[in-house]
Amino acid sequence: MEWDWEFAGRVLPLLLSGLRVTLIATVLGAGVAAVLGLVFAILRRSPNHWISRPTGFVVEFIRGTPLLVQLYFIFYVLPEIGIRLSPLAAGVLGMGLHYATYASEVYRGGIEAVSRGQWEAAKATNLTTRQAWVHVILPQALPPMIPAMANYLLAMFKETPLLSAITVIEMMGQARSVANSTYRYIEPMTLVGVIFLVISIMSVFGLRWLERRFGGGHR
Amino acid sequence: MAEPIIRIDNLRKSFGTLTVIDGLSFDVARGEKLALIGPSGSGKTTILRILMTLETISGGRIEVAGEPLFHMAKNGAEVPADEAHLHRMRRHIGMVFQHFNLFPHKSVLDNITLAPILTKGERRADAAARARELLEMVGLADKEKAMPAQLSGGQKQRVAIARALALQPDIMLFDEVTSALDPELVDEVLQVMRRLASETDMTMLLVTHEMGFASEFADRVLFFDKGRICEQGPPDKIFRNPEEERTRTFLRKIIAAGHRV
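Structure, rendered in structure tokens:
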């Protein structure tokens, strides 16, 4: 099989339109993961066992099952109980939920790294629990988490091809549909790989910068 | 004697099977300066932490400014206090910690103004003006823009005192506030507290190993042993002429360990 530059040139715009969907899914999924992950982490810390234990169970359950299975479940099983989602919405929800469980562990580590004395000082200055979270605990807990979170963002980006299994036409889905109709795999699959590689390498540089900026304790 | 500002009645506190405070009762008069001394593990720090509601109680009763601290009235009966009640009661009390516990992500000025703005709805400008007065009082007028990490231990502790004062509590709790400091930084903190004691009529409870400071600062000294008051009285009596053998033993050990009396 020979590499056909002319064919590759025709495929590239299709792949780039798929890349747009890939990036949208990544960004939205990351947003869901960041918010849900924080909710999981805070609920798990609740002194009320009726809140913390079920939350812990749900988190472990989601983390202990494969993302692909969850995507199938959300897209193909939920409609049977009347919850119908578009492929992209199902994909964003599935990836967001899955990565929320990883994010919640990062949050947990960051929150626990804030010393107990900070909670006590917040209480002694008569802040409410909510004010303590917003003004004292999270501003200290979040910056050191940024490198670990960015790492998961990159991992999630590279898992977006799974979304093609639930008919999201992202970059991998585009490549597959081109390949299936032309019986040429080498150009579309190579290009997909190269595009992922280029973005990942750029992201790694960004990650290094974040680690220098926020990692490694106090500035 | 006027109504006491703190009234502790048959207080008990245990952590699991370990009893730390065992049937403790005492009153504190409004404006009184009280020093709590005793061996480590005698429960004195726990009392401050309970008053600040950082710990719950296992039994007994505490009243602050005439109101129960850990109880509240509900439908004519007395029930355990909820968070809203505790929050309201905390307004009476401020605390300074051994390890300062400044907010490391906030400047000195913001450390002091955060709570007044959030909890009393003070305007930023008013809170800042008051914070500058307090910084002046603790001798750190030039440090308002500094971050806590840039300060020495003694400076941090003086900021922590200003932060607690900014809320204008009726009662201030000082928990071994000089124990984490290098010896040469102790005096600058004690000087601030001396000024506070002489210039304000705030009620102050001090847990300390600085016996010399306790004796000049306090109106009354409580010597704790095994979760109870073993002996109490004016500083002259406790430090110069203690009645109890355990008090004498404790003071001998403290002097041998190099603390000033």
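From first to last, the protein sequence lines are chains A and B. This note's numbering numbers the first residue of the first sequence as 729 and each following residue consecutively. This note's numbering numbers the first residue of the second sequence as 985 and each following residue consecutively. Note that the Cβ used here is the ideal one computed from N, Cα and C, for glycine as well.
{"query": "Cα-Cα separation between A:Ser-892 and A:Ile-914, rounded to whole angstroms", "result": "19 Å"}
{"query": "Neighbour-count burial assignment, A:Met-930, 16 or more Cβ in a 10 Å radius", "result": "exposed"}
{"query": "Which listed residue (B:Phe-1197, B:Pro-1088, B:Asp-1209) has its alpha carbon closest to that of A:Ala-849", "result": "B:Pro-1088"}
{"query": "Distance between A:Ala-860 and B:Asn-1085 (C-alpha atoms, nearest Å)", "result": "13 Å"}
{"query": "As assigned by DSSP and simplified to three states, the class of B:Ser-1026", "result": "coil"}
{"query": "Own chain, CB closer than 6 Å to B:Val-1063, minus 5 neighbours either side, in chain order", "result": "none"}
{"query": "Continuous alpha helix (DSSP H) assignments of at least 4 residues falling wholly in the stretch 847 to 923 of chain A", "result": "866 to 887, 899 to 910"}
{"query": "Exposed unless 16 or more other CB atoms sit within 10 angstroms - verdict on B:Glu-1117", "result": "exposed"}
{"query": "Spatial neighbours of A:His-946 in its chain, beta-carbon cut-off 6 Å, leaving aside the 5 residues before and after", "result": "Reliability of the predicted coordinates at A:His-946 is poor, the pLDDT of 45 falling under 50, and no value is obtained from them."}
{"query": "Reduced DSSP category for B:Ser-1091 - H, G, I as helix; E, B as strand; rest coil", "result": "coil"}
{"query": "Member of A:Ile-894, A:Trp-731, A:Pro-775, A:Gly-824 whose CA lies at the smallest distance from the CA of A:Arg-812", "result": "A:Ile-894"}
{"query": "Neighbourhood of A:Ala-758 by C-beta, 6 Å cutoff - its chain only, sequence neighbours within 5 removed", "result": "Leu-881"}
{"query": "Min CB distance B:Thr-1187 to chain A below 9 Å", "result": "no"}
{"query": "Spatial distance of B:Leu-995 from A:Arg-940 (CA atoms)", "result": "52 Å"}
{"query": "In DSSP terms, what B:His-1055 is bridged to", "result": "B:Pro-1064"}
{"query": "Helix, strand or coil at A:His-946 [DSSP, three-state]", "result": "Unreliable positioning characterises A:His-946 in this predicted model, as indicated by a pLDDT of 45, which lies under 50. The coordinate reading is nonetheless provided below. DSSP places A:His-946 in coil when its eight states are reduced to three."}
{"query": "For A:Val-749 and A:Ser-905, the rounded distance between their alpha carbons", "result": "15 Å"}
{"query": "Ranges of the alpha helix (DSSP H) found wholly within the stretch 1167 to 1206 of chain B, counting only runs of at least 4", "result": "1167 to 1183, 1195 to 1201"}
{"query": "Neighbour flag for A:Val-864 against chain B, beta carbons, 9 Å", "result": "yes"}
{"query": "Inter-stretch contact (C-beta, 8 Å, three-pair minimum) for the stretch 917 to 931 of chain A and the stretch 754 to 772 of chain A", "result": "no"}
{"query": "The ligand GDP heavy atom lying under 8 Å from the CB of B:Lys-1090", "result": "As presented, the structure is devoid of all ligands, the ligand GDP included, so that no description of it is given."}
{"query": "Neighbour flag for B:Gly-1000 against chain A, beta carbons, 9 Å", "result": "no"}
{"query": "Partners in chain B for A:Gly-901, counting only beta-carbon separations shorter than 8 Å", "result": "In chain order: nothing, as chain B lies at least about 44 Å away."}
{"query": "Contact under 9 Å by Cβ, B:Glu-1172 with B:Gly-1138", "result": "yes"}
{"query": "B:Thr-1040 at chain A interface by Cβ criterion, 9 Å", "result": "no"}
{"query": "Between the CA atoms of A:Thr-856 and B:Ala-1057 - distance to the nearest angstrom", "result": "22 Å"}
{"query": "Neighbourhood of B:Gly-1000 by C-beta distance below 6 Å, restricted to the same chain and skipping five residues each side", "result": "none"}
{"query": "Length of the line joining the Cα atoms of A:Lys-851 and B:Ile-992", "result": "21 Å"}
{"query": "Assumed close pair B:Ile-990, B:Val-1048 - CB separation to whole angstroms, cut-off 8 Å", "result": "6 Å"}
{"query": "Cβ-based neighbour list, B:Ala-1164, same chain, cut-off 6 Å, excluding 5 preceding and 5 following", "result": "Gln-1082, His-1083"}
{"query": "Interface flag, A:Leu-766 vs chain B, CB-CB below 9 Å", "result": "no"}
{"query": "Any 3 or more C-beta pairs closer than 8 Å across the stretch 861 to 869 of chain A and the stretch 817 to 826 of chain A", "result": "no"}
{"query": "Near-chain A residues of the stretch 1095 to 1115 of chain B - C-beta to any C-beta below 8 Å", "result": "Leu-1098, Ala-1099, Leu-1102, Thr-1103"}
{"query": "9 Å Cβ cutoff met for B:Ile-1155 and B:Met-1188", "result": "yes"}
{"query": "Inter-residue spacing [alpha-carbon to alpha-carbon] between B:Asp-1220 and A:Ser-774", "result": "49 Å"}
{"query": "Three-way DSSP call (helix, strand, coil) for B:Thr-1164 in this model", "result": "Sequence inspection shows Ala at residue 1164 of chain B; the Thr mentioned does not correspond to that position. Coil, per DSSP."}
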